[in-house]
Structures are given as structure tokens and as C-alpha cells.
Amino acid sequence: MGGVIVQRASSVFVETRLLVMFEGSDYIHANYVSSYKKPKAFVLTQGPTKKTLVDFWRMVWEQQVHVIVMTTKCVELGRHKCTQYWPEEGVVQYGNVTVTVSRLQQYEGYELRTMNISCTGVERNIKHFQFLAWPDYGVPTSGSTVLDLISVVREAAAHATTTTRSTKPSSSSGDHKIIVHCSAGVGRSGAFCVIHNCIDEFREKGTVNVQGAVRALRHQRAYAIQTDEQYEFCYRTILQFMKTHRN
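The sequence shown begins at 952 in our numbering and counts up one residue at a time.
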């Protein structure tokens, strides 16, 4: 399998590697990542390429995903970062998974798409958050936009869990994953998870260990947090949250 075709970054840790049920292969460039409170809460993955569109949607279906966080544009500064994996209108079939976009809502810094997907006669709703203000290898101008995004992502994930419990009481809400991706699925995606997890740590303990959160993440997803600037942004954004949420 040619790496130049299916992946933008190398080194998927075996211990946290996500397996998918494809014919002839179980490989996809993705790792499970724990939140502060729950193991395997996230799936960090690269943005789909033209060769991996079917693989990506198969992963979404198998992992019972209801929320996707995309922290990149498809094209940035003239460079291709991610293949658009949803239709602008109508219905598109990706392997066995059918995808439609039923609603597009635009907010400051991000767009929210409500997607309807189906496979083998079963339907599911997806909330797709695309953050538009985070340059590759860089950081947003304000931490507030990321904090706002994390807040609405939490709400969407909680709603999906509640809805599933009410409609399918026998299903395990712990099986739901949040997919987070940028282009390579390590820099911006990693920073999102670090900030998310440190917020939970602060809420529980009143203190945070950002370095520890980054170290834990890097044990699960290789090269997570790519630049000093991204690392510093995590500190600044978490400090901003702490200042506004102290009792």
C-alpha cells in the first residue's frame, strides 16, 4: 500500500491504532485518543484524500460517530489540505455509506453541517463542525473561538448520547467517538484535544498540567502538537478559560 496515496503523515502507533473492516486490509491513518475522563473518546485522523473517502466514511459508520470536528479548510493559501468528503447538494454514495447534507449553519469562526448518513438501511445524523480560523502550522488569533467551538461540540456530543439512550436503551453510549481531523491529524487536531482535556482537568481539580496532557496525547498519536506556537496557544487558551471560570 503506497504511503503517498493513503496518508499525509507517517507513524501510526500500533497500540492505539484504529482498525476498520475493509476487504483485504484493516488500515486507516487514525488513532484512538482518550479524553480526560474517558478512554478512546476521540479518533484523531488525517483529512481524507481522494483515495480514502470510502475508508473515512466506513470508519465513521463503524465507530458510531455522531460528531466530526474539522479544523482545516479544504484549500489553504492555494495548497490542497483535505478532500471535500460531503456533497454540496444531493446525495453521494461512498462505498456502502450514503451521505446528504440537510442543513448548513454559519457562525463566527465555524460552520455547522447537519448530515444524514445511511448504511444497510440504517440511518444516523452527524453534526459536522468545520473550524475556519485556524491556519496550518499556525494558531487562531483568539482563543475564544476555540473555546466556543469546544463548548458547542460538547453539547452536540451530549445530545447525541442522550438521543441514543432514549431511542436505543440497549446500546452503549460509550461506543460513540468524536472524530477530530485537520490535514495530517496531528497539529491542530492535537491542540483541540489538549485544550478540551485540560478544561475537564481544571473543572475537576482546579489545576491543570498542560505538559502532561501533551505528553499523554503524544503517546497515543505520533507528532501531536507540531509547533512551539501551537504549544503556547494551548497554554494561553487554557489560561484564558481558567481566568474566566474561577470561583
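Every residue gets a Cβ at the ideal spot worked out from N, C-alpha and C, and that includes glycine. Please read all numbers here as calculations on a predicted model, not as lab measurements.
Annotation: the stretch 1000–1033 contains the following complete segments of the beta strand (DSSP E) (minimum length 3 residues), in chain order: 1018–1021.
Inclusion of Asn-1076 and His-1127 in the CB contact set at 9 Å is not warranted, their separation being larger than that value.
Val-1137 and Val-1073 have their alpha carbons spaced roughly 32 Å apart. Contact between Ile-1146 and Val-1097 holds, since their C-beta atoms are separated by about 6 Å, short of 8 Å. Less than 9 Å divides the Cβ of Thr-1188 from the Cβ of Gly-1094.
Contact between Gly-998 and Cys-1133 holds, with the beta-carbon distance rounding to 6 Å and staying under 8 Å.
Sequence-distant partners of Val-1048 (beyond 5 residues in either direction) whose C-beta falls short of 6 Å from its own C-beta, in its chain, are Trp-1008, Trp-1012, Ile-1068, Cys-1070. Here the alpha carbon of Gly-1060 sits roughly 8 Å from the alpha carbon of Leu-1100. In the DSSP assignment, Ala-981 is bridged to Thr-996.
The three-state reading of DSSP puts Val-1137 in coil, since its state is none of H, G, I, E or B. Looking from the CA of Gln-1014, the closest CA among Thr-996, Gln-1191, Gln-1181 belongs to Thr-996. The criterion of a C-beta distance shorter than 9 Å is satisfied by Cys-1144 and Ala-1175.
Proximity to Pro-1038 across Val-1026, Glu-1152, Arg-1054, Gly-1029 peaks at Arg-1054, based on C-alpha coordinates. Short of 6 Å from the beta carbon of Thr-1178, and not among the five residues preceding or following it, lie these beta carbons of its own chain, in chain order: Tyr-1088. Residues of the same chain with a CB within less than 6 Å of the CB of Tyr-1182, apart from the 5 flanking positions on each side, are Ile-1176 in chain order. In the structure shown, the three-state DSSP call for Lys-989 is coil. Taking each of Ile-979, Gln-1191, Ser-985 in turn and checking the Cα distance to Ala-1164, the smallest one comes out for Ser-985.
Distance from the CA of His-980 to the CA of Val-1090, rounded to the nearest whole angstrom, comes to 24 Å.
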